Amino acid sequence: MVDLSVRNPNKVAFKYSDGTAVIRYRGEEFGEAPIPAGRLAADGTQGMNLSLTMIADRLLAKPELFPDVVAGELPISTYARLSGKVTVIGVFKIHVVASTACDFAVDIKNRSIGDQQCHYRTQL
Numbered sequence: 568m569v570d571l572s573v574r575n576p577n578k579v580a581f582k583y584s585d586g587t588a589v590i591r592y593r594g595e596e597f598g599e600a601p602i603p604a605g606r607l608a609a610d611g612t613q614g615m616n617l618s619l620t621m622i623a624d625r626l627l628a629k630p631e632l633f634p635d636v637v638a639g640e641l642p643i644s645t646y647a648r649l650s651g652k653v654t655v656i657g658v659f660k661i662h663v664v665a666s667t668a669c670d671f672a673v674d675i676k677n678r679s680i681g682d683q684q685c686h687y688r689t690q691l
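Sequential numbering from 568 applies to the sequence shown in my numbering.
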């Protein structure tokens, strides 16, 4: 299970269809979590508890894994995409695609996340 928070900083609600979040180690996708359809309130944040399916052999097959573990830090990236609609002034329905890509390092010893950088994109 993965806890995920989705924030809508906009002044209109966002109704979205099923989406997906993926997790990668050094470019290799090793996990996926389906995001069920829903609605984000205007200027709101919604917490989600998602089931993450991991494909461990993809992670274990990477030759960089052992040296990264010994060094105490795993470089991880995530990507999530939601497609949906916003209604403006109760009349105009606009198709929107929102995506987020994050890169961070997992500190193995301290079980913490460090050096997190996220990029957000919204397409109309």
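Quick reminder that beta carbons are idealized off the backbone N, C-alpha and C, glycines included.
Remember, it's a predicted structure, so these values are computed and weren't measured experimentally.
Proximal residues to residue i (C-beta, below 6 Å), its chain only, five neighbours per side dropped
i, result
"R574", "T612"
"A665", "L649 and T689"
"L617", "V569, L571 and A600"
"M615", "L571"
"V589", "E596, E599 and Y646"
Span of the alpha helix (DSSP H), counted from its first residue to its last, around residue i
i, result
"R625", "A623 to L627"
"D635", "L632 to A638"
Beta-carbon proximity list for residue i, same chain, < 8 Å, skipping 5 on both sides
i, result
"K629", "Y592, R593 and E595"
Inter-residue CB distance, residue i and residue j (contact presumed, cutoff 8 Å)
i, j, result
"I622", "G598", "7 Å"
"A609", "K578", "5 Å"
"I680", "E640", "That pair is no contact at about 11 Å."
When the options are compared against residue i, the one with the closest alpha-carbon
i, options, result
"T645", "Q684, Y583, N616 and F633", "Q684"
The beta strand (DSSP E) enclosing residue i, as first and last residue numbers
i, result
"I590", "G586 to Y592"
"A607", "Reading off the sequence, residue 607 comes out as Leu, not Ala. Looking at the DSSP string, the run of the beta strand (DSSP E) that includes L607 is G605 to L607."
"V569", "V569 to N575"
"A580", "No beta strand (DSSP E) holds A580; DSSP gives it neither H nor E."
"R688", "S679 to Q690"
"D674", "F659 to D674"
Sequence-distant residues of the same chain with beta carbon closer than 7 Å to residue i, five excluded per side
i, result
"K582", "R606, G651 and K652"
"E631", "R593"
Rounded C-alpha distance that separates residue i from residue j
i, j, result
"V658", "T667", "28 Å"
"I656", "A580", "11 Å"
"F633", "I643", "15 Å"
"D678", "K660", "In the sequence under discussion, the amino acid at residue 678 is Arg, which differs from the Asp named in the question. So the alpha carbons of these two residues sit roughly 43 Å apart."
Any non-hydrogen atom of the ligand ZN within 6 Å of residue i CB
i, result
"T620", "The model depicted lacks the ligand ZN and carries no ligand whatsoever."
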